[in-house]
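Each remark here refers to the structure printed beneath this line.
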Amino acid sequence: MEKNQRTLKISLISAKDLQRVQHLNKMEVCAYVFISGGGKQKTAVDRDGDTNPTWNGQITFNLDKESTETQVLVFELNCCDQNGKDKVIGEVFVKVKALMGSIEGSLTFLVRSPSGNPNGTLNFMFEWEDEKVAGAGSSPPPPAMVQVQEQAEPAKKKKRGWFARVLAAAAISHVLNNVSLPDDLGF
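Quick note on numbering: the sequence shown equals residues 1 to 187 in UniProt numbering.
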């Protein structure tokens, strides 16, 4: 490994209390994990955990030290379909910079649905492999246990369309005893 590279290992990924996106059958859930701008790596599909999936795998990323300040680690949780039509359950965005303070740790993040609503939690462990090897002579500090709910990128809110604005204006008008609607509703 080059001196300007770092190796980040993600392991023991699990999720709890995910909302169902498939109502007739048990959900089969997988996670795509990637660094912003990079290729996706996929966990095994958990066919038994339903809304509380567990993946006992490990994913490794070789990162350029200079770009870790701006990179984002993304977890995309999907209900996996045998026909290849996965449905997104939710996402977690973690700034790689936030992981830099410890050699290893265990984190819990709030999962956000595609609409931005809370949708369970994601648990994972991380380890900076190159620092662990470099510090092999000394005993490492205990793993950090951190409870985090903020994400690197806020969920985007959907803008209301013109029809929703008209309905809202009509409802308010009705409540206010048929006060006339404004001429310009912004569309």
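Note that the Cβ used here is the ideal one computed from N, Cα and C, for glycine as well.
Nearest-angstrom beta carbon gap, residue j and residue i [assumed within contact, 8 Å]
i     : j     : result
Val45 : Glu28 : 5 Å
Status (buried if at least 16 other CB within 10 Å, exposed otherwise) for residue i
i      : result
Asn119 : buried
Arg6   : buried
Glu104 : buried
Glu127 : buried
Ser24  : According to the sequence displayed, residue 24 carries Leu and not Ser. By the neighbour-count rule (16 or more Cβ atoms within 10 Å), Leu24 is not buried but exposed.
Pro142 : Residue placement at Pro142 is poorly supported in this model, since its pLDDT is 40, which falls under 50; the coordinates still yield a value, given next. The residue in question, Pro142, is exposed, as its Cβ has fewer than 16 Cβ neighbours within 10 Å.
Distance CB(residue i)-CB(residue j) smaller than 8 Å
i     : j      : result
Ile13 : Thr43  : yes
Val21 : Cys80  : no
Asn52 : Lys16  : yes
Leu99 : Phe124 : no
Leu63 : Leu8   : yes
Gln58 : Ser11  : yes
Asp50 : Lys26  : yes
Proximal residues to residue i (C-beta, below 6 Å), its chain only, five neighbours per side dropped
i      : result
Val92  : Phe75, Phe109, Val111, Leu122
Arg47  : Glu28
Tyr32  : Lys40, Lys42, Glu76
Ser113 : Gly90, Asn119
Val61  : The identity of residue 61 in the sequence shown is Phe, whereas the question assumes Val. Contacts found: Leu8, Ile35.
Glu129 : Thr7, Lys9
Own chain partners of residue i with C-beta closer than 8 Å, once the 5 adjacent residues on each side are dropped
i      : result
Lys156 : In this prediction, Lys156 has a pLDDT of 48, which is less than 50 and means its spatial position is unreliable; what the coordinates show is noted afterwards. Answer for Lys156: Gly116, listed in chain order.
Leu18  : Met27, Val29, Thr51, Asn52, Pro53, Leu77, Ile89, Gly90, Val111, Asn119, Gly120
Lys85  : none
Minimum C-alpha distance to residue i - residue among the options
i           : options                    : result
Gly38       : Val72, Met100, Glu104      : Val72
residue 195 : Gly84, Phe34, Ser113       : Residue 195 is absent from the model: the chain starts at 1 and stops at 187.
Gln82       : Phe61, Cys30, Thr60, Lys65 : Cys30
Lys65       : Lys97, Arg47, Ser113       : Lys97
Ser36       : Ser67, Pro114, Glu129      : Ser67
Near the ligand FMN: residue i beta-carbon under 7 Å from a heavy atom
i    : result
Lys3 : Only the bare structure without any ligand can be found here, which leaves the ligand FMN out of the picture.
Close beta carbons around residue i, own chain, < 7 Å, minus the five adjacent residues each side
i     : result
Asn56 : Leu12
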